[in-house]
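So for the sequence shown, the UniProt record's numbering puts the first residue at 1; every next one is plus one. Note that beta-carbon positions come from the ideal geometry of N, C-alpha and C, so glycine has one too. Just so you know, these numbers come straight off a predicted model, no measurement behind them. Before any comments, here is the structure.
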Amino acid sequence: MEPHTQPTSLVPIIMAGPSGVGKGTLIDKLKKEFEGSFGHIVSHTTRKPREGEVHGQHYYFTEKDVMEREIANGDFIEYANVHGNYYGTSKKALQEVSEKGKICILDIDVQGCESVKKAKIPALFIFISPPTFDTLKQRLLARGSETDETINKRLETAKKEMEYLNKPGFFDVIIVNDDLQTAYNQFKQTVSPYIALQKSFK
1 MEPHTQPTSL VPIIMAGPSG VGKGTLIDKL KKEFEGSFGH IVSHTTRKPR EGEVHGQHYY
61 FTEKDVMERE IANGDFIEYA NVHGNYYGTS KKALQEVSEK GKICILDIDV QGCESVKKAK
121 IPALFIFISP PTFDTLKQRL LARGSETDET INKRLETAKK EMEYLNKPGF FDVIIVNDDL
181 QTAYNQFKQT VSPYIALQKS FK
């Protein structure tokens, strides 16, 4: 899909990139500036809620056996097992946003991207990359909320995720988040045709 051509339908916008690279911040800025255009899909996860996280707002927190059963039933368009916990997006959650005439934004990992592609769901795939691997490490350490073991796991995962940058055409757009405002401007420019299309439906 060519991201710079005028879209004719509101396909989901798929955001991927290492943990700590700033995907959530970019999404929050976009939703704040274009309030009403986006419906950020609430994903399911089997991990425990972090402090301040609300069920149904940040994630649908569920049990492993329940989610495995729903995955087997084909209820998810994508799912992945990350650090021993399941994360996934249900068909119902995607449908709920689409029915409201909103643009869907999915913040998922590269395993999830593979699942979406295999399901042949039209989408705009964006990868947010850190300027360097060391920068990502420093950002994760600066959080101060995770153990060294967890940080090392995230860095190992990040290495594997960034290998996807060597796959030509896997992502439609790659944005390097060296400076937040610059990265946001690129992100906004990429999705602006979809925002214009969404507004035309009103």
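Simplified DSSP state of residue i, which is helix, strand or coil
i: Phe133; result: helix
i: Asp107; result: strand
i: Glu146; result: coil
i: Ala16; result: strand
i: Ile121; result: coil
i: Glu156; result: helix
i: Val116; result: helix
i: Glu161; result: helix
i: Asp97; result: Checking the displayed sequence, the identity of residue 97 turns out to be Val instead of Asp. The answer is helix: DSSP assigns Val97 an H, G or I state.
Opening and closing residue of the alpha helix (DSSP H) in which residue i lies
i: Ile195; result: 180-200
i: Ala72; result: 64-72
i: Thr25; result: 23-33
Among the options, the one whose alpha carbon lies nearest that of residue i
i: Ile14; options: Ile27, Lys153, Val21, Phe61; result: Ile27
i: Gly17; options: Phe171, Tyr60, Ile121; result: Phe171
i: residue 226; options: Leu140, Gly169, Pro122, Ile175; result: Any question about residue 226 goes unanswered here, given that the chain covers just 1 to 202.
Cβ-based burial, residue i [other Cβ within 10 Å; buried from 16]
i: Ala46; result: A small fix is needed here, since residue 46 is Thr in this sequence, not Ala. The residue is buried, with at least 16 neighbouring Cβ atoms inside 10 Å.
i: Glu2; result: Low confidence applies here, because Glu2 scores a pLDDT of 47, under 50, leaving its location unreliable and the question unanswered by this model.
Residue i, enclosing beta strand (DSSP E) - first and last residue
i: Thr8; result: Segment: none, Thr8 is in no beta strand (DSSP E) and carries neither H nor E.
i: His44; result: 43-45
i: His55; result: Where His55 is concerned, there is no enclosing beta strand (DSSP E), given that its DSSP letter is neither H nor E.
*Using 8 Å as the threshold, is the stretch 94-106 in touch with the stretch 53-73, meaning 3 or more CB pairs across them?*
Judged by Cβ distances under 8 Å, the stretch 94-106 makes no contact with the stretch 53-73, as fewer than three pairs qualify.
_Stretch-stretch touch, CB-based, cutoff 8 Å, three pairs: the stretch 29-47 with the stretch 90-104_ = With contact defined as three or more Cβ pairs closer than 8 Å, the stretch 29-47 and the stretch 90-104 are in contact.
*Take every Cβ of the stretch 129-144, pair it with every Cβ of the stretch 46-61, and state whether three or more of those distances are shorter than 8 Å.*
The stretch 129-144 makes no contact with the stretch 46-61, as fewer than three CB pairs between them are under 8 Å.
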